[in-house]
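Residue numbers (this note's numbering): 2 to 273.
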Ligand code: SAM
């Protein structure tokens, strides 16, 4: 591998001023990037899908960890900078210019990739929901994703608090989700208004007898009126109140007191 120029020099030479419209907040701190790349575990010779490599800071850290990286980047301006990185790591970096929301990512891989990304905030949640809504076992090995701190807290939220809602149930019913690393806003160029955190999600066994569509219907209704009692909020979902009764769940409870396991049991009972 040839020596790489400093990232800031790459940004200056290719005129990669951060675009707000593309959710661009770049990371330049090599130590922080190496810590993010270490979150999924040993990446040596493993496939990695990176969304939004930008000028390639995280990409460098992933390549240095020995990964084979496929990177999807929407900003055409970044492609020549990433091509230089691909030259420095022959056969290890494949760059795809496109919108990650449109690209058929599973078709790009034979082995299950780890997904690692400093996500553009505006598409991050949509991508996560898409990845969580695929068939199980999923086509990916793990997810390591940067989010605004507040979104990260909603993903890993325990039952009973303000942050607990649909996103927590969707994430936790079949993954083990944890905050791996808080990231201060000052680590980014330009710094965003809010703090961030890296979330790690590892696939768990899918509970048998549960359909995603049913779980989504019941959580959407319950959290759609989160201040209301279940007997009110679940009224419009066929079979939901009967399932509440069969499981002995108190219909006077509110959605945020219903655990992920209880939502899963509700969905299973509704489908039985
Ligand atoms: N990974 C780089 C880093 O850590 O410094 C850049 C992170 S920046 C927060 C988000 C990147 O995602 C930008 O390079 C942006 O152009 C790219 N991006 C935004 N929307 C995208 C989309 N729909 N598909 C692919 N890339 C996208």
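Every residue gets a Cβ at the ideal spot worked out from N, C-alpha and C, and that includes glycine. Note that the coordinates shown come from a computational prediction; the quantities given were computed from them, not determined experimentally.
If you check the CB distance, residue 57 and residue 25 do not come in under 8 Å. Membership of residue 183 in the beta strand (DSSP E) is indicated by the continuous run 176-184. Checking the DSSP bridge columns, you'll see residue 96 partnered with 72. The beta carbon of residue 119 lies closer than 7 Å to those of 28, 53, 59, 147 in the same chain, with the five residues before and after it left out. A heavy atom of the ligand SAM is found nearer than 7 Å to the CB of residue 59.
One Cα belongs to residue 86, the other to residue 11, and the distance between them is close to 10 Å.
Counted as a single uninterrupted DSSP element, the alpha helix (DSSP H) harbouring residue 266 occupies residues 261-272. Within the same chain, 117, 145, 181, 182, 199, 201 come within 8 Å of residue 40 by CB-CB distance, once the 5 residues on both sides are set aside. Rounded to whole angstroms, residue 178 and residue 172 show a C-alpha spacing of 7 Å. At a cut-off of 3 residues, the continuous stretches assigned as beta strand (DSSP E) that sit fully inside the segment 172-260 are 176-184, 197-204.
In this structure, residue 114 lies near residue 50, with their beta-carbon atoms less than 8 Å apart. Going by beta carbons, residue 238 and residue 268 fall outside the 8 Å limit.
Contact check for residue 259 against residue 223 passes: the beta carbons are separated by less than 8 Å.
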